Amino acid sequence: MPASSHHDIPSLQLVDVSKAYGSIRVLDQARISVRRGEVVALMGANGAGKSTLAKIAAGVIEPDNGQIFVAGKEVRLASPRMARQHGIVIVHQSTNELGAPGLSVAENLVLDDLCAGTFGALAGKRKIEQRAKTVAAGIGFELELERDFGELGPAHRQLVAIARAVATKAAILILDEPTASLSAAEAARLFSVVDRLRGLGVGILYISHRLEDIRRLADRIVVLRNGQIVANQVRPLDLTAAIKAMIGRDLDTSRTPGTPGSPRTPETECADSVSGLPDVASLSLDDGAKSRVLPVLSLRQVRLRPGTPRFDLAVAPGEVLAITGALGSGKSRLLGAVFGLTLIAEGEIRLLNRPWRPRGPREAIAAGVFMAGEDRWRSSLLPPITPGADIAGTIALPHRRRWFPFGFVHQSREQVAAEQSIRTLGIRCRNGRDTLDLLSGGNQQKVVIARWQAAPYRLLLLDEPFQGVDVGARRDLIKAIREARQDSATLVATSDVEEALEVADVVAVMRNHTVARLYDLRTGDAASFLTAISAVEHDEALDAERADPV
Amino acid sequence: MTENSDFSTPTSHLSSMADIESQSAPRSASEVPTASASQARQRSTAPAASASPARLAPRIARFLRRYAIFLILAALILFFQSREPAFLRINNLLSVLQSVAVVALLGIGVTVTLAVDGFDLSVGSMAAFTLMLTSYAMVVLQFNAAQTVALALLSGAIIGLLNGLLIVWLRIPDLLATLGTMFLLAGLQLIPSAGRSITVGLNLPDGSVATGSFDPAFLALGRSKLWDSVPLPVVIVALLACLFWFLMERTRWGRVFYAVGGNETAAYLAGAAVKRYRILAYVISATLAALGGIFVAARVGRGDVFAGSSLLLDSVAAALIGFAVLNQRRANVVGTAVGAVFVGIVLNGLTMLNVPYYTQDFVKGLVLVGALALTFGIGRGRR
């Protein structure tokens, strides 16, 4: 990019950009500018228009009216290709759009070169690998170059996409929720990449819900609400004011880590009887056991993978246990083992004091062990044209045997469940027949959680339930998770320490496929919480030093 | 997507429309009524409000997308009727139905495999194989009608199971596995009769003459008519179509079939027996194809080596045209049945107008491409 010496001319400027779908205005005369070497954080609640704005800037969609200036010149961005020619590159939030499954990581890293034809006619394996290594080095991550992109988890996919964008020497980089699926250590490295790019004069439009990211990175905050720009702050930043502007009301701080043991309201709305599930009360206690309360789930001397250390873990009824740790520390594997997706190497898992060896999700679900996987569009949701891809059908799918014992799908039965979920979780939609693609990310995630809370369960396993979810929706989700029934337990895997502290009674820190530490947030005082937090972050830092990706 | 009122765009793109939803966000009482908030209210009442001119266009577009096939069908019928008054006679229409019954039956099987995101290329060969098998069973092995039908359906189920196991266990891609089965069956049917058609008094390879004959009860399956007018196969296929419509659209098993096809991982994590459903889809499709072969054999009354050669393409075309019916944009039983009738009417009309037979495939291709353009092209016009 020709280095413009005029620092007052923004690299990218959108002026009075509007976009409507039918009668619905998604963006209303939005103005935003990004200067050289500036990180502009774009905040906004669920569907405030952030993604639309980002897509307009990236040429994915065209605005109904308004002007776009690149380095002071008015341009028309009719396609992502045109935007790229003007030096604007976007890294999408959706993990499906980040690369090409079926190709290796190396091939994905050089995909732009390959597609643009600048690679030369001969694309030999070694040449690709060499080039890919330089691209990967651009963001300082070590990626397994020969692996299939399709096998990567969301975090690694994102890294590949960011590395690609960095390699194109973009003048403007748009990052859409880049840390949504990264662990703290990886996020820290992403931040250093952003810092480096900022130093090189790249303007960055950083879309995020995560306050920590914004505090760390932003030179300026722009807040969108209902398609309009409602705040535009420069440093020093006032995040509280920004959040207020974003959601239009004060944050409810009723349940923070500082208020332990807050009384639980037993969920009474879920009135189904727990028929078919073993009853806690009827089970005798472990003879001479250390704990008075029989745990819902207990892991004894479990070795998740051959060669990793053994560990114990127990979850009591009514307890929310958060498992945190870097990517690849074994969080998902632990949940998968309990849900019957993988086998443990050694040790024993007990559910309500009975040996628990499910052979798959079917058995687990039948026994009242539910799991919502990470990356909802991959693990939970159906494409919109599929029958049963609406809210009601999505919620009903795992409960179909119980709800429709004769096979016939009772539309009213699933509608009732959907309406109850919509009320309980505050899902914003027209009705239970809306397909999920019409909802914003936070509301999609609410449907996923609602699905598993729609029937009585013993144990709920949630893998990264707050992925790509804004502050307001996250609070609703946490409330729903915490208000779960007294006799059931919840396991939440999250790489975000703040999320873990917010949602959990007990936090387990995993490292190298074992539980390294346990913090009971109910027994400690405020000071020890802080110690716990810093200790957790210390652990994360240790993980970062080890740098052992999956 | 059937009840989307004012923004009817079938959005396959997840996030492009995601932002719209939020416009209904400011619903709290304390909210100052801003411009967008009032729009949100307007939107929520939109379905009840009378259509303003601005909103009429998308409604017409949606109507066209949903009913285009029916409109075209009606236009064609009017056209054929104006040229050939015999066209709309009940006997002609019944002969159309008779000619498409087998195609529709095979199409339903293809639909079920399409629902699990698979594809069964072997249905045509399966029907042809069954034709030869039933003829051989009666003419050479001297089976009676019941034994023959049982043998045919059983062999269909076994071939379907084979397809399913190849795809699910050996993980051969569906197109390739069923392509293999297609050749296998097409070749296998020729071996017992040494490549000749099977008729009464067939000379066997060992020099003897076959002594069996077609059981009249078997022939009645394809030739008898209910109330002296409606061919039996048409009635059976219609009943099966209703049954499979109910299965696929109204039962939890149908939901699982489609869920497996839509997102296999999600279906598995929701507790579906993914592999079992996959295999079952191929068993269903091959068994229906075998039944189709029985109908052909019963109507023709001889094991014709070349019969059923166009069945595969016709049934696939019916299933694909079905995507466009009611703008479903997915394989569906009603659509497949309509698609089969559509093709039947087009071909029958053209035959009556003395259009040469060799243009038939071209016309079928035209219809298929047009229907697919309607489904996938126009439906995504607005983004």
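Chains as they are written, first to last, in the numbering used here: chain A, 1 to 550; chain B, 1001 to 1383. Think of the CB as a built atom: it goes at the ideal place given N, C-alpha and C, for glycine as much as any other residue. Remember, predicted model here, so these are calculated numbers, not experimental data.
Would you mind working out which of the options sits nearest residue i, comparing C-alpha positions?
i                            : options                                       : result
glutamate 319 (chain A)      : A:Arg451, A:Leu436, A:Ala418 and A:Val503     : A:Val503
arginine 189 (chain A)       : A:Ile139, A:Val515 and A:Gly201               : A:Ile139
alanine 1286 (chain B)       : B:Lys1275, B:Arg1055, B:Gly1107 and B:Val1100 : B:Gly1107
valine 166 (chain A)         : A:Gly153, A:Val447, A:Arg196 and A:Glu144     : A:Arg196
leucine 327 (chain A)        : A:Ser495, A:Gly87, A:Val315 and A:Asn108      : A:Ser495
valine 293 (chain A)         : A:Gln445, A:Cys429 and A:Leu352               : A:Leu352
leucine 1221 (chain B)       : B:Asp1361, B:Val1363, B:Leu1372 and B:Val1149 : B:Val1149
valine 1103 (chain B)        : B:Gln1081, B:Val1200, B:Gly1293 and B:Pro1085 : B:Gly1293
threonine 394 (chain A)      : A:Ala367, A:Leu109 and A:Ile449               : A:Ile449
aspartate 470 (chain A)      : A:Gln445, A:Arg458, A:Leu459 and A:Arg482     : A:Gln445
alanine 245 (chain A)        : A:Ala322, A:Ile229 and A:Arg235               : A:Ile229
leucine 103 (chain A)        : A:Leu152, A:Gln13, A:Ala137 and A:Val515      : A:Leu152
arginine 36 (chain A)        : A:Arg131, A:Asp64, A:Val110 and A:Leu205      : A:Leu205
aspartate 213 (chain A)      : A:Val296, A:Val39 and A:Asp113                : A:Val39
asparagine 226 (chain A)     : A:Phe406, A:Lys169, A:Met43 and A:Tyr457      : A:Met43
alanine 1101 (chain B)       : B:Gly1187, B:Leu1372 and B:Val1235            : B:Val1235
tyrosine 1258 (chain B)      : B:Gln1098, B:Asp1117, B:Tyr1358 and B:Leu1165 : B:Asp1117
arginine 376 (chain A)       : A:Leu439, A:Arg423, A:Ile172 and A:Val17      : A:Leu439
glutamate 1084 (chain B)     : B:Leu1372, B:Gly1370, B:Ile1279 and B:Leu1350 : B:Leu1350
phenylalanine 1143 (chain B) : B:Val1256, B:Asp1215, B:Pro1058 and B:Arg1055 : B:Asp1215
threonine 512 (chain A)      : A:Asp219, A:Arg303 and A:Gly336               : First, the amino acid is wrong: residue 512 (chain A) is asparagine here, not threonine. Ranking the options by Cα distance to asparagine 512 (chain A), first place goes to A:Arg303.
leucine 182 (chain A)        : A:Glu464, A:Arg84 and A:Glu142                : A:Glu464
alanine 1137 (chain B)       : B:Pro1231, B:Ser1193 and B:Leu1161            : B:Ser1193
Cβ of residue i within 8 Å of Cβ of residue j?
i                           : j                         : result
alanine 1289 (chain B)      : glycine 1156 (chain B)    : yes
alanine 1241 (chain B)      : alanine 1115 (chain B)    : no
glycine 99 (chain A)        : valine 193 (chain A)      : no
glycine 330 (chain A)       : proline 361 (chain A)     : no
aspartate 148 (chain A)     : histidine 92 (chain A)    : no
leucine 612 (chain A)       : serine 421 (chain A)      : The question about residue 612 (chain A) has no answer here: the residues shown for chain A are numbered 1 through 550.
isoleucine 1159 (chain B)   : valine 1338 (chain B)     : no
threonine 1111 (chain B)    : alanine 1319 (chain B)    : yes
phenylalanine 311 (chain A) : threonine 168 (chain A)   : no
valine 1346 (chain B)       : valine 1333 (chain B)     : no
threonine 1181 (chain B)    : asparagine 1203 (chain B) : no
alanine 1307 (chain B)      : valine 1316 (chain B)     : no
leucine 425 (chain A)       : alanine 480 (chain A)     : yes
Measure the beta-carbon distance from residue i to residue j and round it to whole angstroms, keeping in mind my assumption that it falls under 8 Å.
i                            : j                         : result
lysine 19 (chain A)          : threonine 52 (chain A)    : 6 Å
threonine 324 (chain A)      : alanine 500 (chain A)     : 4 Å
threonine 1251 (chain B)     : alanine 1324 (chain B)    : Not a contact, Cβ separation roughly 24 Å.
serine 11 (chain A)          : valine 70 (chain A)       : 7 Å
leucine 1076 (chain B)       : serine 380 (chain A)      : Contact flag wrong, Cβ pair sits at about 44 Å.
glycine 1344 (chain B)       : methionine 1132 (chain B) : Wrong, their Cβ atoms sit about 25 Å apart, outside the cutoff.
arginine 164 (chain A)       : leucine 111 (chain A)     : 7 Å
isoleucine 207 (chain A)     : lysine 50 (chain A)       : 5 Å
threonine 1265 (chain B)     : arginine 378 (chain A)    : 6 Å
phenylalanine 1119 (chain B) : threonine 1211 (chain B)  : About 42 Å separates the two Cβ atoms, so there is no contact after all.
glutamine 67 (chain A)       : valine 15 (chain A)       : 5 Å
Based on the DSSP secondary-structure assignment, which residues constitute the bridge partners of residue i?
i                           : result
glutamine 67 (chain A)      : A:Val15
leucine 205 (chain A)       : A:Val40 and A:Ile174
glycine 1124 (chain B)      : Its beta-bridge partners do not exist; DSSP assigns none.
valine 1209 (chain B)       : B:Asn1203
aspartate 148 (chain A)     : A:Ser104
glutamine 233 (chain A)     : A:Ile221
threonine 490 (chain A)     : A:Val320 and A:Leu460
lysine 331 (chain A)        : Per DSSP, none; premise fails for lysine 331 (chain A).
serine 298 (chain A)        : A:Ala314 and A:Arg350
isoleucine 32 (chain A)     : A:Leu14
phenylalanine 408 (chain A) : B:Thr1251
isoleucine 90 (chain A)     : A:Ile174
tyrosine 519 (chain A)      : A:Val507
lysine 73 (chain A)         : A:Val70
Fully enclosed by the stretch 338 to 372 of chain A, which alpha helix (DSSP H) runs are 4 residues long or longer? 361 to 366
Could I get the ranges of all uninterrupted alpha helix (DSSP H) runs contained in the stretch 1212 to 1289 of chain B, with 4 residues as the minimum, in chain order? Segments of the alpha helix (DSSP H) lying fully in the stretch 1212 to 1289 of chain B: 1216 to 1223, 1232 to 1250, 1252 to 1262 and 1264 to 1269.
Which parts of the stretch 1096 to 1165 of chain B are runs of the alpha helix (DSSP H), unbroken and 4 residues or longer, counting only runs that do not cross its ends? 1123 to 1139
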